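Going by my numbering, the first residue of the sequence shown is number 16, and it counts up by one from there.
We put the beta carbon where it would ideally sit given N, CA and C, even for glycine.
Given the structure is predicted, the values throughout are model-derived calculations rather than measurements.
One structure is given below, encoded as structure tokens.
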Amino acid sequence: MNSVEREHPKRGTAGMSTQDQIDTALQRTAIAAFIYYRQIHVDQPDYRLDEDVDWCVEPLGDLEGDALASVRESVGRAIVDPSEYREELFAALSDLADPDATAE
Numbered sequence: 016m017n018s019v020e021r022e023h024p025k026r027g028t029a030g031m032s033t034q035d036q037i038d039t040a041l042q043r044t045a046i047a048a049f050i051y052y053r054q055i056h057v058d059q060p061d062y063r064l065d066e067d068v069d070w071c072v073e074p075l076g077d078l079e080g081d082a083l084a085s086v087r088e089s090v091g092r093a094i095v096d097p098s099e100y101r102e103e104l105f106a107a108l109s110d111l112a113d114p115d116a117t118a119e
């Protein structure tokens, strides 16, 4: 996934993310979860979950502190076990939504 060209989207107001940014982060997490498997570290010793998490949260812009930690944790869990943690991920991303923003 590191070879994917990445863009730096604009942030919503007051640290909030637009729905498009949230959707992109969710789509990236789904791709990472689809590719992940428990033995990936054996087959690809250089694989780092943190790199996938970085790629997944990048569309959200400059999250800080507790918001960043919460989203990163939820994304990592959803990559490793999407069936168990998808609701947690949806909740974490929903907390970032700017209620006044609309998707284009």
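Asked, Found
"Could you please give the first and the last residue of the uninterrupted alpha helix (DSSP H) stretch that includes residue 42?", "34 to 50"
"Anyone know if the C-beta pair for residue 51 and residue 94 falls short of 8 Å?", "yes"
"Can you find the residues in the same chain that come closer than 8 Å, C-beta to C-beta, to residue 72, ignoring five residues on each side of it along the sequence?", "40, 78, 83, 86, 87 and 90"
"Is it buried or exposed, residue 106, if we count other Cβ atoms within 10 angstroms and call 16 or more buried?", "exposed"
"Thinking residue 32 and residue 111 are a contact (beta carbons under 8 Å), I'd like their distance in whole angstroms, please.", "4 Å"
"Ends of the alpha helix (DSSP H) at residue 101?", "97 to 109"
"Does the Cβ of residue 36 have 16 or more other Cβ atoms within 10 Å, making it buried, or fewer, making it exposed?", "buried"
"Is the distance from the Cβ of residue 47 to the Cβ of residue 67 below 8 Å?", "yes"
"Look up residue 112 in the DSSP assignment and give the residues it is bridged to.", "32"
"The alpha helix (DSSP H) spanning residue 66 covers which residue range?", "64 to 72"
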